[in-house]
Amino acid sequence: MPGLTTIPTVTASFAASLVEFVEALTVVLAVGAVRGWRWALIGTTTALSVLVILVGVFGQSLARVPLPIVQLVVGTLLLMFGLRWLRKAILRSAGAIALHDEQAAYSKETTALRAVRLPAERGWDPVAFATAFKIVMLEGIEVVFIVIAIGAGGRSIVPAALGAVAAFAVVVCLGIALHRPLASIPENTLKFGVGILLAAFGTFWVGEGMRIDWPGMDWSLLILIFGYFLVSWAMVLFCRLNRRTSPQPARKSQANQTKGLLHTLYWESIALFVDDATLAVGILVWIMVAWFSTGRLTVNSLSQCMLLLTGFLLLLAYSTARAVRC
């Protein structure tokens, strides 16, 4: 879908990829500083190679699937992914979850890496390789999903891929120049904005997959973005007024997870879409209800679009409100 959607596509891909690559850079820098750069770079390069292959394989495979099916499936996954990001960004903005601190993450990572004995000879270092490989794979899988999901919905992966490549180039250049974590990048602000964009794209693709006629076609994407923006900020204010718990710190050290690589990748892949089970199940149920109702209700396309969007906005509001009251 050229034209209007190109700018949001590149923007969402660039901003989301920037956040993920910054987090990966923090751990890779820690590995290089403590264990040496050889195996840190080898682990990073190996993970990047796997990710490029994944984009190529899945991108070509999706091109053979009928477009409405692709739009419905990737739209559903994009909604689950985007609303998960947006929910967490709302809670962080409201103070219910502590903001991510790259400098603190770097310090924790270097401490954990120093606690593991270095190999007797400067040869194979499984800890350095596994730590670098795992963090790049975990963060990169999210980038791959965003590129494929946004691109596949409109049968044009190139703009999304260009946004991801640009983000990677920026992070690499800054990492080489500074040799320290990029703590000054406003991660939560980026995730807040990207979550809104991804949720809007997901809603749009789901509607397209159901063959709902969006009023204004591509222009309706701007209305979806505005709707998610208003509800998100309303929920930030609500959560600030109703928060009952202190901010919750998060993020485990990757150095403590060098065992069970495939097991970790498997569960982390599931966690891309499921943070709050109620939200994830609610999205799936509402999509099935909306899909079943399409064509059976005597309402115009505008009403169908508004009902579809309203359901997702209510699910987001309920999930965030429930989080601060638990």
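The numbering used here numbers the first residue of the sequence shown as 183 and each following residue consecutively. Backbone N, C-alpha and C define an ideal beta-carbon position, used for all residues, glycine too. Keep in mind it's a predicted model, so treat the numbers as computed, not measured.
A check of alpha carbon separations from Y288 across W387, A215, N482 and T191 identifies A215 as the nearest. A198 and F474 have their C-alpha atoms spaced approximately 33 Å apart.
With a cutoff of 8 Å on beta-carbon distance, T191 and I405 are scored as not near each other. By the neighbour-count definition (other C-beta atoms within 10 Å, threshold 16), C421 is a buried residue. Look at W401 here: in three-state DSSP terms it is helix.
Here the C-alpha atom of K373 lies approximately 6 Å from the C-alpha atom of A271.
Between A229 and G322, the CB-CB gap stays under 8 Å.
Nearest Cα to Q253 within the set G384, V298, G493 and A416: G384.
In the three-state reduction of the DSSP assignment, G391 falls in the helix class. Listed in chain order, the non-local C-beta contacts of L200 below 6 Å within the same chain comprise A349, local neighbours out to five positions each way being set aside.
Within the model, the alpha-carbon separation for L273 versus A472 is close to 28 Å. Taking each of L207, I330 and R246 in turn and checking the Cα distance to L236, the smallest one comes out for I330. W473: member of the alpha helix (DSSP H) spanning A459 to S475, first to last residue. Scanning T492, L495, L249 and A206 for the CA closest to the CA of V325 turns up A206.
The straight-line gap separating the alpha-carbon atoms of L380 and F386 is approximately 10 Å.
Between D395 and S483, the C-beta spacing is below 8 Å.
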